[in-house]
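*Asks:* Dropping a structure here in structure tokens format, bear with me for questions.
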Amino acid sequence: VTISVGGEIGEVGKDNSTVEELTEYIEGFREIVGSDFTGVSKVSVQTGTTHGGIPLADGTIASVAIDFDTLRDLSEVARDKFGMAGAVQHGASTLPDDLFHRFPAVETAEIHLATGFQNIIMDHESFPGSLVDEMKAYADAELADERKDGETDIQFFYKTRKKAWGPFKRQVWDLPEATRADLAGALEAKFVFLINQLQAQNTRDSVLKHVIQKPVEIEPPVLGAAAR
27 VTISVGGEIG EVGKDNSTVE ELTEYIEGFR EIVGSDFTGV SKVSVQTGTT
77 HGGIPLADGT IASVAIDFDT LRDLSEVARD KFGMAGAVQH GASTLPDDLF
127 HRFPAVETAE IHLATGFQNI IMDHESFPGS LVDEMKAYAD AELADERKDG
177 ETDIQFFYKT RKKAWGPFKR QVWDLPEATR ADLAGALEAK FVFLINQLQA
227 QNTRDSVLKH VIQKPVEIEP PVLGAAAR
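The opening residue of the sequence shown carries number 27 in the numbering used here; numbering runs sequentially from there.
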């Protein structure tokens, strides 16, 4: 199995990354690792975002300014000088919809969108309010040490609710079929929008040309084994 490994420079939410920083990172990495390893295929950079966005006291997400010029320059250096796929934009899932078409324009290699999909599910009118309340209670009890001074309950739960999926996995999987269909429909609409905005449509042939698919054999779990 071939695994694509990415690196990261700077810190999300802090100062924007620079070409000099990228160059020092990759050259230093290759000096340490040596030529026997393929190395990283991409590098996550900071261009003005934060993971999941910045929630305000009322639950809305603060506006951010994305430095697309920096993203373009970093991707160009990553590809032309170091032979990588390019720069990765993370913390982008909560950006306004009218910005996504700009990422392919500056040849962004990858974009991280998980928080937005989480929000679609948990904020959907079909997602049970009682389950959200249970998740909030879990966060209050188990994640209280992550609460920052001055944070509202809305801000605290927005930042921590990603950690509530695991403990409530069974309840989510057991949601009624109609509820799951509603959530799936909302996700599908977002997927279609993003695929088109990021110009990833009609790329199946290109993927199959460059990505060699090999079957991975795994030993499936035996039902009831844990109980025995």
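For each residue, glycine too, the CB sits at the ideal point set by N, CA and C.
State the DSSP-derived secondary structure class of K174, mapped to helix, strand or coil.
*Replies:* Within the sequence shown, residue 174 is the residue found at index 148, counting from 1. Residue state, collapsed to three classes: coil.
*Asks:* Jot down the residue ranges of each uninterrupted alpha helix (DSSP H) in the segment 185-236, minimum 4 residues, whole runs only, in chain order.
*Replies:* Counting whole runs of 4 or more residues, the segment 185-236 contains the alpha helix (DSSP H) stretches 195-199, 203-223 and 230-236.
*Asks:* So G32 is in the beta strand (DSSP E); what residue range does that whole segment cover?
*Replies:* The residue you call residue 32 lines up with position 6 of the sequence shown. Looking at the DSSP string, the run of the beta strand (DSSP E) that includes G32 is G32 to E34.
*Asks:* For I137, which residues does DSSP report across the bridge?
*Replies:* Position 111 of the sequence shown holds residue 137. Looking at the DSSP assignment, I137 forms a beta bridge with Q115.
*Asks:* Which same chain residues, not among the five before or five after D93, have their C-beta less than 7 angstroms away from its C-beta?
*Replies:* Here residue 93 corresponds to residue number 67 of the sequence shown, with the count starting at 1. N42, T73 and G74.
*Asks:* The beta strand (DSSP E) that contains V69, what's its start and end?
*Replies:* By 1-based counting over the sequence shown, the position of residue 69 is 43. K68 to V71 is the span of the beta strand (DSSP E), which, as asked, contains V69.
*Asks:* Report yes if the C-beta distance between I35 and V66 is below 8 angstroms; otherwise report no.
*Replies:* For the purposes of this step, residue 35 is taken as residue 9 along the sequence shown, with counting starting at 1. For the purposes of this step, residue 66 is taken as residue 40 along the sequence shown, with counting starting at 1. Cβ atoms of I35 and V66: not closer than 8 angstroms.
*Asks:* Would you give the residue range spanned by the alpha helix (DSSP H) that E151 belongs to?
*Replies:* Residue mapping note: residue 151 aligns to position 125 of the sequence shown, counting from 1. Careful: E151 lies outside any alpha helix (DSSP H) and carries neither H nor E.
*Asks:* What number of angstroms, rounded off, separates the C-alpha of H138 from the C-alpha of P241?
*Replies:* Taking the first residue of the sequence shown as position 1, residue 138 is located at position 112. Taking the first residue of the sequence shown as position 1, residue 241 is located at position 215. If you take the alpha carbons of H138 and P241, they lie about 27 angstroms apart.
*Asks:* I believe H127 touches Q223 by the beta-carbon criterion, under 8 angstroms. Please report the beta-carbon distance rounded to the nearest angstrom.
*Replies:* Looking up residue 127 in the sequence shown gives position 101. Looking up residue 223 in the sequence shown gives position 197. About 5 angstroms; that satisfies the 8 angstroms criterion.
*Asks:* Could you spell out where the alpha helix (DSSP H) holding V242 opens and where it closes?
*Replies:* Here residue 242 is taken as the residue at index 216 of the sequence shown, counted from 1. Neither: V242 is in no alpha helix (DSSP H) and is coded neither H nor E.
*Asks:* With H, G and I counted as helix, E and B as strand and the rest as coil, what does DSSP make of S101?
*Replies:* Counting from 1 along the sequence shown, the entry for residue 101 is found at position 75. If DSSP states are grouped into helix, strand and coil, S101 belongs with the helices.
*Asks:* On the CB-based measure, 16 or more other CB atoms within 10 Å of its CB, does F108 come out buried or exposed?
*Replies:* Working through the sequence shown from its first residue, we reach residue 108 at position 82. When all chains shown are included, F108 counts as buried.
*Asks:* Count the CB pairs spanning the segment 190-209 and the segment 155-173 that are closer than 8 angstroms, and state whether there are at least three.
*Replies:* Contact holds: three or more Cβ-Cβ distances are below 8 angstroms.
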